[in-house]
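Take a look at the structure below.
There are 2 protein chains.
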Amino acid sequence: MTGESDRAPAPHPRRPRGRPGHTRDDVLRHAIGLFNRRGYDAASISDLARELGVTKSAVFYHFDSKESMLAAALDEALDALSDAVADGEQAVGGSGAYDRLRSTVQAAVTILVQHLPAVTLLLRVRGNSPLEQQALKRRRDLDDRIAVLVQNAVQEGGIRGDIAPDVISRLIFGMVNSLTEWYQPGGAVDEGTLAASVTGVLFEGLASDHGR
Amino acid sequence: MTGESDRAPAPHPRRPRGRPGHTRDDVLRHAIGLFNRRGYDAASISDLARELGVTKSAVFYHFDSKESMLAAALDEALDALSDAVADGEQAVGGSGAYDRLRSTVQAAVTILVQHLPAVTLLLRVRGNSPLEQQALKRRRDLDDRIAVLVQNAVQEGGIRGDIAPDVISRLIFGMVNSLTEWYQPGGAVDEGTLAASVTGVLFEGLASDHGR
């Protein structure tokens, strides 16, 4: 499914929107952008085809439905975040729970920025279909695994004990997820600086030398 | 506009939804709840009247339009947040910019929890009408005033200098605003504890003994 579009190249090089010959990934990037701007329910394949400058059938060459684009977008975000959490859980070399949690969050911020449109879409999913419910379940599972890392870090004494672990998890998710609302890739703050800033503020504020 | 409804009390005491004789504030609370659940654009006065168990004219006794309810809700949130920021700016007694900022954020969290439905509605406003644009402008003005407090605290050396002040402002807003997505008033965590937890994590993480 990564073949060329079934439409000949356009004769005019200055065509203002899109180009024919889109790859599957091109189509998906535009679909995700459209879903984020207009809302998934309100967006149509016709809108997407118009934006790409191709026919609807050229879109259907790559995806058999609007929902299969949503599925691909949500999988992209969830698979990448899942890898980041698994890496954190499996971190070895004598690091404690605080360090494992901190590196997991740093990796999650990096993933979030690298897959910003897909993660933004994921965070807006409200469970309006079985597909969306399944994505919400995967998201909750990831949140639960991070919450376990938080609990372990509190138990080990690496994270302050004066705040309930579930509140700590919520505060971490709140700050990290809010990045989708303002962060501009390619702007003044690069993704490595951002990830270091977020984890610096969070984990130096959460460290057990506070709150005793 | 705080008089009684123009409808006689219902004869049945177990009427399942709402009661007649609603005050203006009752109507506003239900309107805000409905706008948050269904979205302002999708919600109608008929929905609200049905939920309250009254006629549409009983609703119009208190508010002349759906937009006047939205205006009252947004003013409630913005007036309260504005008071919290003004108190922080005017704090005296030798406190530095770090302390002024910290007490402003703590006050803002308390306001957010006390006016949770109205603040939730405010945070969802996207500027779809002149009224919404005006609310967004007031919200941006408040954000700008907090950003000035952040800049002052960085300049005074109370807040770490290794993160750009505008990123610090965004991280503060991100954590604080995310409370509207999960905090349940009357639950296990009271509002004072929540405000202390949020400011504890943020300001101990932002303190200038980190990031040197």
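Which chain is which? The protein sequence lines are A and B, in order. According to the working numbering, the first sequence is numbered sequentially starting from 427. According to the working numbering, the second sequence is numbered sequentially starting from 427. The beta-carbon is built from N, C-alpha and C at its ideal position, and this holds for glycine as well.
(message) I'd like to know if residue 553 (chain A) contacts chain B, where contact means its C-beta is closer than 7 Å to some C-beta of that chain.
(response) Judged by the 7 Å Cβ criterion, residue 553 (chain A) is not in contact with chain B.
(request) Report back the beta-carbon spacing between residue 458 (chain A) and residue 533 (chain A) to the nearest angstrom; my notes put them in contact at under 8 Å. (result) Not quite, the Cβ-Cβ distance comes to about 22 Å (not below 8 Å), so this is no contact.
(request) Could you list which residues in chain A have their beta carbon closer than 8 Å to that of residue 589 (chain B), in chain order? (result) Here the neighbours are 623, 626, 627.
(request) Using 10 angstroms around the beta-carbon of residue 468 (chain B), count the other beta-carbons present and answer buried if the total reaches 16, otherwise exposed. (result) exposed
(message) With a threshold of 7 Å on Cβ separation, who are the neighbours of residue 628 (chain B) within its own chain once the five nearest residues in sequence on each side are excluded?
(response) 531, 598, 601
(request) Pick helix, strand or coil for residue 633 (chain B), following the three-state DSSP scheme. (result) strand
(request) Would you kindly check if the distance between the Cβ of residue 548 (chain B) and the Cβ of residue 503 (chain B) is under 7 Å? (result) yes
(message) Please report whether the beta-carbon of residue 600 (chain A) lies at a distance below 7 Å from any beta-carbon of chain B.
(response) yes
(request) Keeping to the same chain, check which residues put their C-beta closer than 7 Å to that of residue 492 (chain B); ignore five residues upstream and five downstream. (result) The residues are 471.
(request) Give a yes or no on whether the minimum CB-CB distance between residue 631 (chain A) and chain B is below 7 Å. (result) yes
(request) Would you tell me roughly how many angstroms separate the C-alpha atoms of residue 452 (chain A) and residue 569 (chain A), rounded to the nearest one? (result) 30 Å
(request) Pull up the distance between the alpha-carbon of residue 603 (chain B) and that of residue 607 (chain A), whole angstroms please. (result) 11 Å
(request) State yes or no: is the beta carbon of residue 565 (chain A) nearer than 7 Å to at least one beta carbon in chain B? (result) So no, residue 565 (chain A) is outside the interface.
(message) Short of 7 Å Cβ to Cβ, which residues in the stretch 446–463 of chain A face chain B?
(response) none
(request) Name the residue from B:456, B:464, B:463 whose alpha carbon lies nearest to the alpha carbon of residue 485 (chain B). (result) B:456
(request) Within the same chain, show all residues whose beta-carbon is closer than 7 Å to that of residue 594 (chain A), passing over the 5 residues directly before and after it, in chain order. (result) 576, 585, 632
(request) Spell out whether any CB of chain B is found under 7 Å from the CB atom of residue 604 (chain A). (result) With respect to chain B, the C-beta atom of residue 604 (chain A) has a partner C-beta closer than 7 Å.
(request) Find the nearest neighbour of residue 475 (chain A) within the set A:460, A:466, A:465, judged by alpha-carbon distance. (result) A:460
(message) Please state the DSSP three-state secondary structure of residue 598 (chain B).
(response) helix
(request) Buried or exposed for residue 437 (chain A), please, with buried defined as at least 16 other CB atoms from any protein chain shown within 10 angstroms of its CB. (result) Since pLDDT at residue 437 (chain A) reaches only 45, below the 50 mark, its modelled position is unreliable, and no value is offered.
(request) State the Cα-Cα distance for the pair residue 613 (chain B) and residue 619 (chain B), rounded to the nearest angstrom. (result) For residue 613 (chain B) and residue 619 (chain B), the gap between their C-alpha atoms comes out near 12 Å.
(message) Does any residue of chain A have a CB that is nearer than 7 Å to the CB of residue 638 (chain B)?
(response) Note that residue 638 (chain B) scores 45 on pLDDT, short of 50, meaning its location in the model is unreliable and no value can be drawn from it.
(message) Please identify the residue among B:550, B:560, B:454, B:539 whose C-alpha is closest to the C-alpha of residue 615 (chain B).
(response) The residue with the shortest Cα to Cα distance from residue 615 (chain B) is B:539.
(request) Check the C-beta distance from residue 561 (chain B) over to residue 524 (chain B) and give it rounded, since I have them as a contact under 8 Å. (result) Actually they do not touch by this definition, with Cβ atoms about 30 Å apart.
(request) At 9 Å on the CB atoms, spell out the chain A contacts of residue 596 (chain B), in chain order. (result) 604, 605, 607, 608, 609
(message) Strictly under 7 Å for the Cβ-Cβ distance: is residue 648 (chain A) near chain B by that measure?
(response) Limits of chain A in this structure are 427 at one end and 638 at the other, which puts residue 648 (chain A) out of reach.
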